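To start, the structure under review is shown below, and the notes come after it.
2 protein chains.
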Amino acid sequence: MTLSEENYLKAIYHLGKHGTTAVSTNAIAEQMETKASSVTDMVKKLAEKDLVNYVKYQGVSLTKDGKIVATSIIRKHRLWEVFLVQKLNFTWDEVHDVAEQLEHIKSDKLVNQLDAFLEFPTHDPHGDPIPDKNGNMVTREKTILSKVSINSVGVCVGVNDSSSDFLKYLSKHNIALGTSIEVVGKEKFDDSMTIKIEDKTLQISKLISNNIYIKLV
Amino acid sequence: MTLSEENYLKAIYHLGKHGTTAVSTNAIAEQMETKASSVTDMVKKLAEKDLVNYVKYQGVSLTKDGKIVATSIIRKHRLWEVFLVQKLNFTWDEVHDVAEQLEHIKSDKLVNQLDAFLEFPTHDPHGDPIPDKNGNMVTREKTILSKVSINSVGVCVGVNDSSSDFLKYLSKHNIALGTSIEVVGKEKFDDSMTIKIEDKTLQISKLISNNIYIKLV
DNA sequence: ACATATTTTTAGACAAGCCTAAAAATATGT
DNA sequence: ACATATTTTTAGGCTTGTCTAAAAATATGT
Ligand SMILES: [Mn+2]
Ligand SMILES: [Mn+2]
Ligand SMILES: [Mn+2]
Ligand SMILES: [Mn+2]
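Same order as they appear, the protein sequences are chains A and D. Those letters in the first sequence? Residues 641 to 857, per my numbering, in order. Those letters in the second sequence? Residues 641 to 857, per my numbering, in order.
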């Protein structure tokens with residue numbers, strides 16, 4: 641498994657829900673910030689190794705083996721993110737790029753001991769589930785904030801966009817995992833929302849509410 | 641800095657004491673388990689970047705910049721080794737290969753926070769000094785066990801060979817950093833030694849005694 | 001000193017992973 | 001249905017880091 645192969649498998653996993661639905665060459669190219677022709681080359685190589693199902697012009701999905709590899713990379717990525725936040729005082733907007741590097745370190749003992757050291761966390765700093773040793777992960781109930789009705793109250797349990805810019809925006813407005821959010825207004829015209837966080841009201845656009853997951857209380 | 645460039649700089653550093661004395665193409669090739677022609681290619685590239693001093697046929701040494709890079713890689717390598725032993729319950733013979741991967745992770749914040757998390761260790765699990773943020777490291781007084789006279793007593797403070805096989809041999813005979821060693825016999829013929837460790841005597845060959853550092857008490 | 005051995009460099013090739021440009025296949029609109 | 005747009009693949013090329021084989025430089029022994 642090269643670093644590049646691992647990144648392709650991860651991209652395919654994220655694009656088609658758990659890599660099960662076929663994803664297009666262009667979608668992969670965009671996600672990986674590369675060209676479609678490069679994707680075609682790599683996808684052939686992965687198909688050769690039985691890591692993806694590939695039919696010319698029909699898109700790509702992960703095989704059982706491909707899913708195992710992708711899941712193990714994601715497990716490592718998320719465990720390292722937990723480590724960085726909990727042990728090394730990183731903020732949730734700082735961890736992703738470093739985890740992108742750390743996820744490729746190869747050592748079963750390392751990842752399993754890290755898991756134990758962190759006391760077997762089930763979710764990463766962005767609320768995403770961490771696969772266990774066997775690739776299984778818990779699915780936590782969550783709703784997209786933009787979809788809930790007025791007067792709903794919930795707790796932030798995750799984000800859809802983990803970009804540094806978005807996470808910094810949330811931090812600036814005191815929104816973190818566990819923050820209680822109440823919907824006090826919805827604007828039909830532009831789908832903007834007024835929410836209340838610790839007695840402070842905040843006006844948020846649809847783009848924001850579309851990227852926050854809450855658990856209704 | 642590519643992974644390969646970093647490994648060449650590290651090799652040059654280790655071969656000529658701190659990279660200051662010129663080392664031969666063949667020596668680098670052997671250390672890196674590659675061919676001399678590959679070394680020549682890479683050395684040209686590093687010279688172009690002003691990381692090494694290179695005169696055709698006359699060997700290679702590190703420039704100031706090259707030394708800074710090499711030292712920072714070694715700092716990361718040794719900090720990660722401490723982390724693996726102290727936090728993840730690795731033994732000293734298990735850490736090197738994983739540290740070889742981890743040393744290439746690029747993040748100043750990561751290495752400095754790791755350093756703080758480990759409470760600024762000065763030496764790694766093999767007794768080797770860890771460069772600080774500025775590249776400085778303490779030099780600890782040490783003597784090669786093979787060189788000390790009969791009836792000397794010392795404490796193990798390091799090893800010259802960090803191979804898994806050698807470290808496992810030491811562990812098997814209860815030799816670790818901090819272990820007290822007394823020289824109770826020396827054999828002129830083959831330079832073998834009889835040493836006493838916690839009231840047990842052990843016969844060791846010159847190859848063994850040549851790879852153990854002690855601090856005389 | 002000079003013939004021979006060793007070391008180092010050069011020349012040319014190859015795989016991985018990427019690119020651009022062109023061709024082929026598929027999707028879309030009327 | 002069929003012309004046009006879009007997507008995907010193919011063809012050919014580039015860079016990095018490696019290799020083998022041959023040439024050049026240096027070291028060594030008598
Ligand atoms: Mn991430
Ligand atoms: Mn995450
Ligand atoms: Mn090591
Ligand atoms: Mn070490």
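Cβ atoms here follow ideal geometry from the backbone N, Cα and C, with glycine treated the same way. This one's a predicted model, so the numbers in the text were calculated from it and none came from an experiment.
Cβ-based contacts, 8 Å cut-off: residues of the region 720-733 of chain A near chain D: Taking 8 Å as the cut-off between beta carbons, the residues of the region 720-733 of chain A near chain D are 724, 727, 728, 729, 730, in sequence order.
Span of the beta strand (DSSP E), counted from its first residue to its last, around residue 644 of chain A: First-last for residue 644 of chain A: 643-655, but that is the alpha helix (DSSP H), not the beta strand (DSSP E).
DSSP three-state assignment for residue 857 of chain D, whether helix, strand or coil: Note: residue 857 of chain D maps to coil in three-state DSSP.
N-terminal and C-terminal residue of the alpha helix (DSSP H) that residue 677 of chain D is part of: Residues 676-688.
Chain A contact for residue 698 of chain D (CB, 7 Å cutoff): Answer no: the Cβ-Cβ gap between residue 698 of chain D and chain A never drops below 7 Å.
Proximal chain D residues relative to residue 738 of chain A, where beta-carbon distance stays under 9 Å: Ordered by position in chain D, the residues that pass the 9 Å Cβ test against residue 738 of chain A are 745, 746, 747, 749, 750.
Residues near ligand 1, criterion Cβ-heavy atom distance below 6 Å: For ligand 1, the selected residues are A:717, A:721, A:736, A:739, A:802.
Start-end ranges of the alpha helix (DSSP H) lying completely within the region 797-847 of chain A, minimum 4 residues: The DSSP assignment places 804-812 as complete runs of the alpha helix (DSSP H) inside the region 797-847 of chain A, in order along the chain (cut-off: 4 residues).
Beta bridge counterpart(s) of residue 783 of chain D as assigned by DSSP: Looking at the DSSP output, residue 783 of chain D shares a beta bridge with D:854.
Cβ-heavy atom distance, residue 766 of chain A to ligand 2, below 6 Å: Yes, the beta carbon of residue 766 of chain A sits closer than 6 Å to at least one heavy atom of ligand 2.
Inter-residue spacing [alpha-carbon to alpha-carbon] between residue 742 of chain A and residue 763 of chain A: Each residue's alpha carbon lies about 17 Å from the other.
Assigned exposure category for residue 825 of chain A - 16 Cβ within 10 Å defines buried: Exposed is the call here.
Beta carbon proximity, residue 757 of chain A to chain D, threshold 7 Å: At least one CB of chain D lies nearer than 7 Å to the CB of residue 757 of chain A.
Residue 803 of chain D burial status per 10 Å Cβ neighbour count (16 or more: buried): Exposed.
Span of the beta strand (DSSP E), counted from its first residue to its last, around residue 700 of chain D: For residue 700 of chain D, the enclosing beta strand (DSSP E) stretches over residues 700-702.
Minimum Cβ-Cβ distance from residue 741 of chain D to chain A less than 7 Å: Interface annotation, residue 741 of chain D: in contact with chain A, CB-CB separation under 7 Å.
Chain A within 7 Å of residue 671 of chain D, Cβ atoms only: No, its Cβ sits nowhere closer than 7 Å to a Cβ of chain A.
Among A:720, A:682, A:815, the one whose alpha carbon lies nearest that of residue 753 of chain A: Selection A:720, A:682, A:815 evaluated against residue 753 of chain A yields A:720 as nearest (Cα-Cα).
Partner residues on chain A for residue 753 of chain D, Cβ-Cβ distance less than 9 Å: In chain order, 724, 727, 728, 729, 730 make up the part of chain A whose C-beta sits under 9 Å from the C-beta of residue 753 of chain D.
Residues that DSSP places opposite residue 769 of chain A in a beta bridge: Paired residues: A:763.
Residue 659 of chain A (DSSP reduced to helix, strand or coil): Of the three classes helix, strand and coil, the one that applies to residue 659 of chain A here is helix, per DSSP.
Residue 760 of chain D versus residue 778 of chain D - alpha carbon distance: When rounded, the distance between both Cα atoms is 12 Å.
Residue 773 of chain D to residue 705 of chain D span [Cα, whole Å]: Whole-angstrom Cα-Cα distance: 15 Å.
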